[in-house]
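Peer 1: Just passing along the structure, written as structure tokens.
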Amino acid sequence: MPAELVTAASILAGSGVSTWVADKLLGPSFDALGEQFRAYAGDRLSKILQRFESKVEPEQLTQLPPGFALQYFQKASFSEDDETLTEMWANLLVSASRGYHSHHANFADILSRLGPEEVRLLNDLVPRGETFAPCPPVNLKSSIREELAAEFKAIYYRSERTAEQMGKEAVDRSQLLYKKKLSWPGRITAVDYPYSCQDPHVYGKSSGGFNMDATYDVLAGQRLIDHFAFDLSQSFSSPYVEGVLVTSLGINFVQTCRG
938 MPAELVTAAS
948 ILAGSGVSTW
958 VADKLLGPSF
968 DALGEQFRAY
978 AGDRLSKILQ
988 RFESKVEPEQ
998 LTQLPPGFAL
1008 QYFQKASFSE
1018 DDETLTEMWA
1028 NLLVSASRGY
1038 HSHHANFADI
1048 LSRLGPEEVR
1058 LLNDLVPRGE
1068 TFAPCPPVNL
1078 KSSIREELAA
1088 EFKAIYYRSE
1098 RTAEQMGKEA
1108 VDRSQLLYKK
1118 KLSWPGRITA
1128 VDYPYSCQDP
1138 HVYGKSSGGF
1148 NMDATYDVLA
1158 GQRLIDHFAF
1168 DLSQSFSSPY
1178 VEGVLVTSLG
1188 INFVQTCRG
């Protein structure tokens, strides 16, 4: 008597996912792929799929392409057991199950390369409830520089000050620039403001530390953010500002995986 065919849907259903979810997502075209799914159907994938199930209704789902489903289940099953990552993997599947597009495969690949620190930082960089142009302006960095230069000019001109006051105000101005909200998703990461050549003041770098720099580098490596750095004026006391801007890919990725 031939052995009973082990389907992908039956494996997923056996891991705690409702049968209707497994059948609706996978369908009969996945029946021959059951054994390949067995390696991925552990506790991690079960948690993600149960989170996914809590977000959808049967009539909202469409069948997933086999290639994407295999890629998704493999990568999701090996992701870190972290609440933010669980939510983002579930939301990515929600989006794909309501109408698959090739960018879903790209997003699954990107998400598999990010850890909890990277996804939380990226979520912080992209404000919720706001809409953005499909692509950033061509002259975005120039606009940001002009924006910060105007901010610096506005906080610089005051009454005559003593050397002690100038030193304190140098730190104050660095903090003001460091905390300024940009007109595009991103962040100032460091301000070096030497109000004299002998007494530089750096704000941001020391508080960010190596781990923060490494996290930014990971996001930049996935083309989710872009670094910038420039002086705000031509004088020796010009602030030197570093920061990051979220790319259009980064914004689309966050908005898809954040739900």
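Start counting the sequence shown at 938; every next residue gets the next number (this note's numbering). We put the beta carbon where it would ideally sit given N, CA and C, even for glycine. Fair warning: this is a prediction, and the values are worked out from it, not measured in the lab.
Pick from 1053, 980, 1040 and 1042: whose alpha carbon is nearest that of residue 1156?
Peer 2: Looking up residue 1156 in the sequence shown gives position 219. Among 1053, 980, 1040 and 1042, the Cα nearest to that of residue 1156 is on 1053.
Peer 1: Does DSSP put residue 1069 in a helix, in a strand, or in coil?
Peer 2: Here residue 1069 is taken as the residue at index 132 of the sequence shown, counted from 1. It is coil, neither helix nor strand.
Peer 1: Go ahead and label residue 1016 buried or exposed: buried means 16 or more other beta carbons lie within 10 angstroms of its beta carbon, across all protein chains shown.
Peer 2: The residue you call residue 1016 lines up with position 79 of the sequence shown. Buried, since its Cβ has 16 or more Cβ neighbours within 10 Å.
Peer 1: Buried or exposed for residue 1034, please, with buried defined as at least 16 other CB atoms from any protein chain shown within 10 angstroms of its CB.
Peer 2: Looking up residue 1034 in the sequence shown gives position 97. With 16 or more other Cβ atoms within 10 Å, it is buried.
Peer 1: Are residue 1186 and residue 1178 touching if we call contact CB-CB under 8 Å?
Peer 2: What you label residue 1186 is simply residue 249 of the sequence shown in a count that begins at 1. What you label residue 1178 is simply residue 241 of the sequence shown in a count that begins at 1. The answer is no: Cβ separation not under 8 Å.
Peer 1: For residue 1096, collect the residues of the same chain with a Cβ closer than 7 Å to its Cβ; drop the 5 residues on either side in sequence, then sort them by chain order.
Peer 2: Within the sequence shown, residue 1096 is the residue found at index 159, counting from 1. Any reading at residue 1096 must be qualified, since the residue scores a pLDDT of 45, below 50, and its modelled position is unreliable; the value itself is stated next. Excluding sequence neighbours, residue 1096 sits near nothing in its chain.
Peer 1: Just reading off the beta strand (DSSP E) that residue 1184 is part of, what are its end residues?
Peer 2: Here residue 1184 is taken as the residue at index 247 of the sequence shown, counted from 1. First-last for residue 1184: undefined, no H or E at that position.
Peer 1: Between residue 1202 and the rest of its own chain, which residues show a CB-CB distance below 7 Å, the 5 nearest in sequence each way excluded?
Peer 2: The displayed coordinates of the chain run from 938 to 1196. Any statement about residue 1202 would go beyond what the structure contains.
Peer 1: Kindly indicate the opening and closing residues of the beta strand (DSSP E) around residue 1128.
Peer 2: For the purposes of this step, residue 1128 is taken as residue 191 along the sequence shown, with counting starting at 1. Start and end: 1123-1129.
Peer 1: Is residue 986 close to the ligand GDP? I mean its beta-carbon at under 7 Å from any heavy atom of the ligand.
Peer 2: Of the ligands one can find in the structure shown there are none, so the ligand GDP has no counterpart to examine.
Peer 1: Alpha carbon to alpha carbon, how far is residue 1084 from residue 1153?
Peer 2: Within the sequence shown, residue 1084 is the residue found at index 147, counting from 1. Within the sequence shown, residue 1153 is the residue found at index 216, counting from 1. So the alpha carbons of these two residues sit roughly 23 Å apart.
Peer 1: Using the C-alpha atoms, what's the distance from residue 1000 back to residue 1012?
Peer 2: For the purposes of this step, residue 1012 is taken as residue 75 along the sequence shown, with counting starting at 1. For the purposes of this step, residue 1000 is taken as residue 63 along the sequence shown, with counting starting at 1. If you take the alpha carbons of residue 1012 and residue 1000, they lie about 19 Å apart.
Peer 1: Do you know offhand how far residue 1006's Cα is from residue 988's?
Peer 2: For the purposes of this step, residue 1006 is taken as residue 69 along the sequence shown, with counting starting at 1. For the purposes of this step, residue 988 is taken as residue 51 along the sequence shown, with counting starting at 1. Distance between the alpha carbons of residue 1006 and residue 988 is about 17 Å.
Peer 1: Find the nearest neighbour of residue 1166 within the set 1128, 1070 and 1003, judged by alpha-carbon distance.
Peer 2: Translated into positions along the sequence shown, residue 1166 becomes position 229. Comparing Cα-Cα distances from residue 1166 to each of 1128, 1070 and 1003, the minimum goes to 1128.
Peer 1: Helix, strand or coil: how does DSSP classify residue 1031 here?
Peer 2: Against the sequence shown, residue 1031 aligns to sequence position 94. Looking at residue 1031 - three-state DSSP - the assignment turns out to be helix.
Peer 1: Express the C-alpha separation of residue 1080 and residue 978 in angstroms, rounding to a whole number.
Peer 2: Counting from 1 along the sequence shown, the entry for residue 978 is found at position 41. Counting from 1 along the sequence shown, the entry for residue 1080 is found at position 143. Approximately 49 Å, taken between the alpha carbons.
Peer 1: Would you kindly check if the distance between the Cβ of residue 1183 and the Cβ of residue 1164 is under 8 Å?
Peer 2: In the sequence shown, counting from the first residue as 1, residue 1164 sits at position 227. In the sequence shown, counting from the first residue as 1, residue 1183 sits at position 246. Contact flag unset, no.
Peer 1: So residue 1088 packs on residue 1117, CB below 8 Å; how close in whole Å?
Peer 2: The residue given as residue 1088 occupies position 151 in the sequence shown. The residue given as residue 1117 occupies position 180 in the sequence shown. Going by Cβ atoms, the distance from residue 1088 to residue 1117 rounds to 6 Å, so yes, they are a contact pair.
Peer 1: Opposite residue 1178 in the DSSP bridges: which residues?
Peer 2: Locating residue 1178 in the sequence shown gives position 241, where the first residue counts as 1. In the DSSP output, where bridge partners are listed per residue, residue 1178 has 1128 and 1167.
Peer 1: Would you mind giving the Cβ-Cβ distance between residue 1194 and residue 1048, rounded to the nearest angstrom? I have them listed as a contact below 8 Å.
Peer 2: In the sequence shown, residue 1194 corresponds to position 257, counting from 1. In the sequence shown, residue 1048 corresponds to position 111, counting from 1. Yes, residue 1194 and residue 1048 are in contact; Cβ-Cβ is about 6 Å, under 8 Å.
Peer 1: Going along the chain, which residues of its own chain have a beta-carbon closer than 8 Å to the beta-carbon of residue 1071, five neighbours each way excluded?
Peer 2: Position 134 of the sequence shown, counted from the start, is the residue given in the question as residue 1071. If we look at residue 1071 and ignore the five residues flanking it on each side, its Cβ neighbours are 1185.
Peer 1: Can you find the residues in the same chain that come closer than 7 Å, C-beta to C-beta, to residue 1078, ignoring five residues on each side of it along the sequence?
Peer 2: The residue labelled residue 1078 in the question sits at position 141 within the sequence shown. Excluding residues within five positions, the ones whose Cβ falls inside 7 Å are 1165.
Peer 1: For residue 997, which residues in the same chain have their Cβ closer than 8 Å to its Cβ, ignoring the five residues on either side in sequence?
Peer 2: For the purposes of this step, residue 997 is taken as the residue at position 60 of the sequence shown. Cβ neighbours of residue 997 beyond the five flanking positions: 1034 and 1035.
Peer 1: Assign residue 1063 to one of two classes, buried (16 or more other C-beta atoms within 10 Å of its C-beta) or exposed (fewer than that).
Peer 2: Counted from its first residue, the sequence shown places residue 1063 at position 126. By the neighbour-count rule (16 or more Cβ atoms within 10 Å), residue 1063 is buried.
Peer 1: Taking just the CA atoms, how far does residue 1019 sit from residue 1082?
Peer 2: In the sequence shown, residue 1082 corresponds to position 145, counting from 1. In the sequence shown, residue 1019 corresponds to position 82, counting from 1. Taking the straight line joining both Cα atoms gives about 37 Å.
Peer 1: In chain order, what residues of the same chain have a beta carbon less than 7 Å from the beta carbon of residue 1124, not counting five sequence neighbours either side?
Peer 2: Within the sequence shown, the letter at position 187 stands for residue 1124. Excluding sequence neighbours, residue 1124 sits near 1062, 1180 and 1181.
Peer 1: Could you please give the first and the last residue of the uninterrupted alpha helix (DSSP H) stretch that includes residue 1043?
Peer 2: Here residue 1043 refers to the residue found at position 106 of the sequence shown. It spans 1039-1048 - the alpha helix (DSSP H) in which residue 1043 sits, taken as one unbroken run.
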